[in-house]
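Chains as they are written, first to last, in the working numbering: chain P, 1 to 120; chain X, 121 to 240. Reading through the structure tokens given below for one structure.
Number of protein chains: 2
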Amino acid sequence: MDIEEAVSVFSALSQRTRLEVLRLLLQAGPEGMGAGEIAGALGVRQNTMSTNLNILQRSALIRSERFGRSIRYYADMAGLRGLLSFLMEDCCGGERELCAPLLDVLVCDCLEKADDQSSL
Amino acid sequence: MDIEEAVSVFSALSQRTRLEVLRLLLQAGPEGMGAGEIAGALGVRQNTMSTNLNILQRSALIRSERFGRSIRYYADMAGLRGLLSFLMEDCCGGERELCAPLLDVLVCDCLEKADDQSSL
DNA sequence: TCCATAATTCTAGATTACTAGATATTTCGA
DNA sequence: TCGAAATATCTAGTAATCTAGAATTATGGA
């Protein structure tokens, strides 16, 4: 990922509806959600949501899959990973202590509430 | 952090100069960098940089400290942590496997190159 | 107190982004 | 093949953001 792409991805996240969509899809997990379902859940008009879903997808923050005439969307963990990776590239300035607190976020909020067989 | 604040923080990151500044300061580590030094390093006019530093600081992505007549800026790890925490809130949908890859980013890019006494 | 340095604030013209109405496309079922 | 459902695209008026010139504030030294 280069700087232009990263800026574009952060732009995708800097709008209320789109940020809500990503969080909703992260919470939805592997099941994903239908496009109309997402629009309904967030109280946004269908065409506006379609535009915003497209922007998120172009940024590789979400993925989609068609089922019949509806389309399901999912959080794209690989894309999110790429973004965080770019941001934290060469971080810390060699000082582990500066960077470590960021790990706690994911460990606490995400993994601790899952089962405890920490394979890391 | 609420959604409005998170949007505002992502907006702060969705501009090339500001994203470059945050990465630069993450790489600089605890030493930080002077305001003029940052502007010089990125080839941005001093008043434009000042505006952008202010936006990053309002978003709690960087901190500042005055030394005589110059001002040093530092990455604000607590602010960054808050943002990631908000984004990943209630993630995974109970499926640990969906979320775990995000940890690798920080573990690989940031901590593995530090000493190996993994206290997690 | 006066000057130079370092950084910030004010401002406006130019660019970019957002929303929603209207229309188009895709798919399924009858 | 026709109609309905689900979603996407086009468009334009409105709103927000970006940059840099000019002026301002804060600090330290002579």
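Every residue, glycine too, gets a C-beta built ideally from N, C-alpha and C.
- For X/T168, the number of other beta carbons within 10 angstroms of its own is below 16, and it is reported as exposed.
- As the crow flies, the alpha-carbon of P/L26 is around 14 Å from that of P/Q57.
- Secondary structure note for X/A195: it is in no alpha helix (DSSP H), and the uninterrupted beta strand (DSSP E) holding it is S190 to A195.
- In the DSSP secondary-structure assignment, P/F67 is bridged to P/S70.
- For the pair X/F130 and P/A35, the Cα-to-Cα distance works out to about 24 Å.
- With fewer than 16 other Cβ atoms inside 10 Å of its own Cβ, P/S70 counts as exposed.
- X/A126 is classed as buried because its beta carbon has at least 16 other beta carbons within 10 Å across all chains shown.
- Separation of the CB atoms of P/Y74 and P/R81 is rounded to 14 Å, and the pair is thereby denied contact status at 8 Å.
- For the set X/C219, X/D122 and X/L133, the Cα lying nearest the Cα of X/I175 is the one of X/L133.
- Assigned with DSSP and collapsed to three states, P/M1 falls in coil, not helix or strand.
- Taking 7 Å as the cut-off between beta carbons, none of the residues of the region 180 to 191 of chain X comes near chain P.
- P/M33 is positioned such that its CB atom lies closer than 8 Å to that of P/R72.
- For X/T137, the CB contacts under 8 Å within the same chain, skipping 5 residues up- and downstream, are L162, V164, T168, M169 and N172 in chain order.
- Note on P/A28: 16 or more other CB atoms within 10 angstroms of its CB, so buried under the neighbour-count rule.
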